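Let me begin by presenting the structure, written as structure tokens, before commenting on it.
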Amino acid sequence: MAKISIDWTINKQITDFKPRLAEFHRYLETLGLKKNTVKLYTGLINIYLVELNSDMPSSKDAEQFYKSLYDKKLSRSAINNFVAAILKYHAMINNPVKLKFIRLNNALPYYFDQSDILNIFNICNNIKHYAMLKVLFFGCLRSGELCNLDLEDYDPDRSTLRLRETKNGSDAIIYVNDETVASLTRYLKIRPQLDTNALFITDYCNRWIPKEVLRMFLNYKEKAKITKKGGVHCFSRHSPATLMITKGCDLRSVQAILRHRDIHTTLRYTHLCDAVTREKQTQYLTL
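FYI, the numbering for the sequence shown is 25 to 311, going by my numbering.
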């Protein structure tokens, strides 16, 4: 008997979400969110709408999607990003939902000690990478902040760098030490004159992106034979804060240097300075 020539495949209609995503993108911009945040939330909502196959999800849809995030074993911060994006999307479509943010664990799991940092600097034999690592560590910069630096943001006379659109959404002026100034001076002497205004450029004359900075850092971390966990953020944020506190720097100063909006963010480093606390108590609490 001849085979029946019928296509039994169920054809699911795929909705075009581009118009709605464009609308959401504009909506986020009107809220005054940073460019990176707008891009992140728009990408997350794209995942949300595609999975639900609807650009008008119900409150029940949002709750079910929220529960599925736990099954996917996403990190707490990743789930909270989804929650923030979904709340804003439902506000835009006038269908508000109630989803809970997960309380983040503020414990400091790991950091690089002074020996690790010195090994990374010592193993780096690339003038450009060395300057980038110096700026990251001594400026306590996030990788995105490093990538956003332009030539005019660096003031060698005052030994400062201007940060634009930081995580807190505002500009900031940071100070760099003589070591960093020296590394920047050496780098800028051989940096080619190009149309791009980026302070740090790749070998293809493009502005660096955080993913490339991470790749560069991990390469030197491996060469330095450091097996501890941790990437750029650990190197340029956790480690400098830990080093300053263990050497006796007060929390308010660390908060200012790291540009923490909330002192509670800085407080997570205090469990590393018990020895310093005992030393200061012995030094100052005397009769």
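Beta carbons: idealized from backbone N, C-alpha and C, even for Gly. All values derive from a computational prediction rather than experimental measurement.
### Query
In angstroms, rounded to a whole number, what distance separates the CA positions of residue 225 and residue 120?
Stepping through the sequence shown from its first residue, residue 225 is reached at position 201. Stepping through the sequence shown from its first residue, residue 120 is reached at position 96. In a straight line, the C-alpha of residue 225 is about 44 angstroms away from that of residue 120.
### Query
Do residue 113 and residue 48 come within 7 angstroms of each other at the CB atom, strictly closer than that value?
Position 24 of the sequence shown, counted from the first residue, corresponds to residue 48. Position 89 of the sequence shown, counted from the first residue, corresponds to residue 113. Closer than 7 angstroms, so yes.
### Query
Which of the three DSSP states, helix, strand or coil, is assigned to residue 79?
One-based indexing of the sequence shown puts residue 79 at position 55. Residue state, collapsed to three classes: coil.
### Message
Measuring only the C-alpha atoms, how far is residue 51 from residue 282?
### Response
Numbered from 1 along the sequence shown, position 27 holds the residue referred to as residue 51. Numbered from 1 along the sequence shown, position 258 holds the residue referred to as residue 282. Rounded to whole angstroms, residue 51 to residue 282 spans 31 angstroms at the Cα level.
#### Entry: Other residues of its chain near residue 127: CB distance less than 7 angstroms, five sequence neighbours each side excluded
Sequence index remark: in the sequence shown, residue 127 carries index 103 (1-based). Around residue 127, the same chain offers no residue with a beta carbon nearer than 7 angstroms, after the five sequence neighbours per side are excluded.
### Query
So what's residue 85 in DSSP terms, helix, strand or just coil?
Your numbering for residue 85 matches position 61 in the sequence shown. Residue state, collapsed to three classes: helix.
### Query
Roughly how many whole angstroms lie between the Cα atoms of residue 135 and residue 116?
As a position in the sequence shown, residue 135 is number 111, starting the count at 1. As a position in the sequence shown, residue 116 is number 92, starting the count at 1. Cα to Cα, residue 135 sits roughly 41 angstroms from residue 116.
### Query
Taking just the CA atoms, how far does residue 242 sit from residue 253?
One-based indexing of the sequence shown puts residue 253 at position 229. One-based indexing of the sequence shown puts residue 242 at position 218. Rounded to whole angstroms, residue 253 to residue 242 spans 10 angstroms at the Cα level.
### Task
Return the residue from the list 214, 231 and 216 that minimises the CA-CA distance to residue 222.
Indexing the sequence shown from 1 puts residue 222 at position 198. Checking every option, the nearest Cα to that of residue 222 belongs to 231.
#### Entry: Where residue 185 sits in the DSSP three-state scheme
Translated into positions along the sequence shown, residue 185 becomes position 161. Residue 185 falls in the strand class under three-state DSSP.
### Task
Would you mind reading off the limits of the alpha helix (DSSP H) that contains residue 46?
Indexing the sequence shown from 1 puts residue 46 at position 22. Its alpha helix (DSSP H) spans residues 42-54.
### Message
Assuming the contact rule is C-beta atoms closer than 8 angstroms, residue 209 and residue 163 should be a hit. Round their C-beta distance to whole Å, please.
### Response
One-based indexing of the sequence shown puts residue 209 at position 185. One-based indexing of the sequence shown puts residue 163 at position 139. About 15 angstroms; that fails the 8 angstroms criterion.
### Query
Considering only C-alpha positions, which residue in the set 103, 142, 139 and 140 is nearest to residue 123?
Your numbering for residue 123 matches position 99 in the sequence shown. For the residues 103, 142, 139 and 140, the minimum Cα distance to residue 123 belongs to 103.
#### Entry: Option in 165, 111 and 77 with minimal Cα separation from residue 90
The residue labelled residue 90 in the question sits at position 66 within the sequence shown. Nearest option by C-alpha distance: 111.
### Query
If you scan the region 97-155 from start to end, which runs of the alpha helix (DSSP H) of 4 or more residues do you find wholly inside it?
100-116 and 138-147
### Message
Any contact between the region 234-250 and the region 137-144? By contact I mean 3 or more CB pairs, one from each, below 8 angstroms.
### Response
yes
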